[in-house]
Amino acid sequence: MHFLTFNGSYCYDSEQILFSNPIPHEDILKLIENSASIDRPVCIATKNRLAANGTDKDLTDYFRIAGLEVEIAKDFDDLLQEKIYQVMMGCYKPEYPLVMKDVQHAKIAAWWDRAVDIIPANGGKGIAIKKVLEHYHLDPEEAIAFGDGNNDIDMLQSVGTGIAMGNASEQLKAVADHVCGHVAQDGIYHYCLKKGLI
Numbered sequence: 000m001h002f003l004t005f006n007g008s009y010c011y012d013s014e015q016i017l018f019s020n021p022i023p024h025e026d027i028l029k030l031i032e033n034s035a036s037i038d039r040p041v042c043i044a045t046k047n048r049l050a051a052n053g054t055d056k057d058l059t060d061y062f063r064i065a066g067l068e069v070e071i072a073k074d075f076d077d078l079l080q081e082k083i084y085q086v087m088m089g090c091y092k093p094e095y096p097l098v099m100k101d102v103q104h105a106k107i108a109a110w111w112d113r114a115v116d117i118i119p120a121n122g123g124k125g126i127a128i129k130k131v132l133e134h135y136h137l138d139p140e141e142a143i144a145f146g147d148g149n150n151d152i153d154m155l156q157s158v159g160t161g162i163a164m165g166n167a168s169e170q171l172k173a174v175a176d177h178v179c180g181h182v183a184q185d186g187i188y189h190y191c192l193k194k195g196l197i
């Protein structure tokens with residue numbers, strides 16, 4: 000079993016790290032500074048922890064989508080010395096330029112209109128898929144991927160068959176090869192069953 004985490008910035012299996020692509024330290028510091036200037040807390044993702052320097056309604060609600068709570072970390076500043084693979088924060092589109100001001104090597108990967116994931120500029124799920132396929136000596140045509148957010152666009156384009164969930168945005172459906180059922184109705188399971196994959 001292998002895992003592609005933090006929008007593909009950190010990928011591993013049970014034995015080894017397949018791909019590690021942290022955000023440069025200077026950009027992390029700039030993102031935190033920029034976010035503070037608009038009164039937005041951030042949550043950083045190291046390989047082992049999600050840790051925040053505060054929270055607000057948007058960040059709290061963002062975490063609740065995944066059934067998680069925001070951990071406000073007393074050791075937040077110490078964690079800045081570790082490799083950071085993703086930054087999460089409540090953020091609306093008009094705030095993007097303020098958050099990203101003078102940030103050189105990171106980009107926004109958003110799938111919800113009230114929050115963002117910030118990842119390495121040279122990263123994303125599509126890059127991670129390519130790295131994992133190369134590791135296992137597989138061609139893209141041998142892989143399928145399912146997605147439901149706009150941050151899944153490059154992932155669907157990096158495999159032989161890209162499948163958008165029924166609840167996906169129209170933009171994602173437009174690049175997908177197929178559309179399956181809604182995520183809340185076990186769309187992946189029913190697609191795989193119908194295609195004889197399970």
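Residue 0 is where the sequence shown starts when you use numbering that gives the first Met the number 0, and the numbers rise one by one after that.
Cβ coordinates follow ideal geometry from the N, Cα and C atoms, glycine included.
Which first and last residues belong to the alpha helix (DSSP H) in which residue i is found?
i                : result
cysteine 191     : 186-193
phenylalanine 75 : 75-78
From residue i to residue j, what does the alpha carbon distance come to, in whole angstroms?
i              : j            : result
glutamate 169  : alanine 183  : 18 Å
glycine 146    : proline 40   : 28 Å
isoleucine 152 : lysine 124   : 9 Å
isoleucine 83  : aspartate 26 : 10 Å
isoleucine 162 : valine 102   : 33 Å
What would DSSP say about residue i, mapped onto helix, strand or coil?
i              : result
methionine 154 : helix
aspartate 116  : strand
threonine 54   : coil
glutamine 170  : helix
lysine 92      : helix
glycine 161    : strand
Might you give, ordered along the chain, the residues of its own chain that have their beta carbon closer than 6 Å to the beta carbon of residue i, omitting 5 neighbours on each side?
i            : result
aspartate 12 : His1
List the endpoints of the continuous beta strand (DSSP E) containing residue i.
i          : result
alanine 44 : 42-44
Looking only at its own chain, which residues have a Cβ that is under 7 Å from the Cβ of residue i, when we skip the five neighbours before and after it?
i                : result
leucine 49       : Cys42 and Glu70
phenylalanine 62 : Glu68 and Val69
Does the distance from the C-beta atom of residue i to that of residue j stay below 8 Å?
i             : j              : result
aspartate 112 : glutamine 85   : no
methionine 88 : leucine 58     : yes
valine 158    : isoleucine 128 : yes
For residue i, I'd like the list of residues in its chain whose CB is within less than 8 Å of its CB, leaving aside the five on either flank, ordered along the chain.
i           : result
glycine 165 : Val178, Cys179, Gly180, His181, Val182, Gln184 and Gly186
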